[in-house]
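Chain order of the listed sequences is V and Z. Oh and the first sequence: position 97 is 97 in the working numbering, straight run, nothing missing. Oh and the second sequence: position 51 is 51 in the working numbering, straight run, nothing missing. Yeah, the Cβ is synthetic: ideal placement off N, Cα and C, and Gly gets one too. In what follows, a structure is listed as structure tokens, so that the remarks can point back to it.
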Amino acid sequence: GNSVTQMEGPVTLSEEAFLTINCTYTATGYPSLFWYVQYPGEGLQLLLKATKADDKGSNKGFEATYRKETTSFHLEKGSVQVSDSAVYFCALSDAGNNRKLIWGLGTSLAVNP
Amino acid sequence: DTEVTQTPKHLVMGMTNKKSLKCEQHMGHRAMYWYKQKAKKPPELMFVYSYEKLSINESVPSRFSPECPNSSLLNLHLHALQPEDSALYLCASSQEDRGDYEQYFGPGTRLTVT
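And the structure:
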């Protein structure tokens, strides 16, 4: 079945450091891929998405490229800020039922000043 | 307006109480969702409504009863809950007619069952 694997956290970085959070997936068909972010005490926000191979999603300085050959969708940011401290979830749409999202376990990021 | 609102923000209830969670969206979305999220875990899908009809029930116990009065509103009725039901309950919505299923989430209701 479909699945998403994220790197385990927590990840701790200093402000202005480069961020990579790895996400790989197993899926049949051509799912859409998403990154969601959850700030402390809040709901989930869609950070970026990609719907087909080689698409690059980007938002708020974050980027991720849909790599079908490596089944990956790694999240990157060139210079993190303290305000980026949050939990990041990678997800894919279930090809059999696009309303269902398959979630990674989440990666907690803490950015220190 | 890409906002989903949820009320109340916090709720404490006893195991014999009946309460309801409410969710509203004004984005014209025709699919609405209830999720349960435990701390430091991904959200777990509970129910999906599509065009105001229940389309997915993820084998949720009957003490949780969803209702979709119209295309903008979604309720979750709670009765005889257990302490293990304490969690963050998230509502979400998405488009249905463009093949675009990205989901927009509300801020959640933090439920504590005593």
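query                                                                                  : result
Separation of V:Val87 from Z:Ser93, as counted between CA atoms                        : 21 Å
Euclidean distance between Cα positions of Z:Leu78 and Z:Arg30                         : 24 Å
Contact set between V:Phe18 and chain Z, taken where Cβ atoms lie within less than 9 Å : Per Cβ cutoff of 9 Å: no residues; V:Phe18 is ~25 Å from chain Z at best.
V:Pro113, enclosing beta strand (DSSP E) - first and last residue                      : That residue, V:Pro113, is in no beta strand (DSSP E); it is neither H nor E in DSSP.
Residues bridged to V:Leu75 (per DSSP)                                                 : V:Ile21
Secondary structure of V:Pro10, DSSP reduced to three states                           : coil
Per-residue DSSP class, three states only, for V:Pro40                                 : coil
V:Asp55 in three-state terms, based on DSSP                                            : coil
N- and C-terminal bounds of the beta strand (DSSP E) containing Z:Tyr35                : Ala31 to Gln37
Any C-beta of chain Z under 9 Å from that of V:Glu42                                   : yes
Z:Leu88 - containing beta strand (DSSP E), residue span                                : Ala87 to Ser94
Interface flag, Z:Gly118 vs chain V, CB-CB below 9 Å                                   : This structure gives no information on residue 118 of chain Z, because the portion of chain Z shown stretches from 1 to 114.
Rounded straight-line distance, which links the Cα of Z:Pro42 to that of Z:Leu88       : 11 Å
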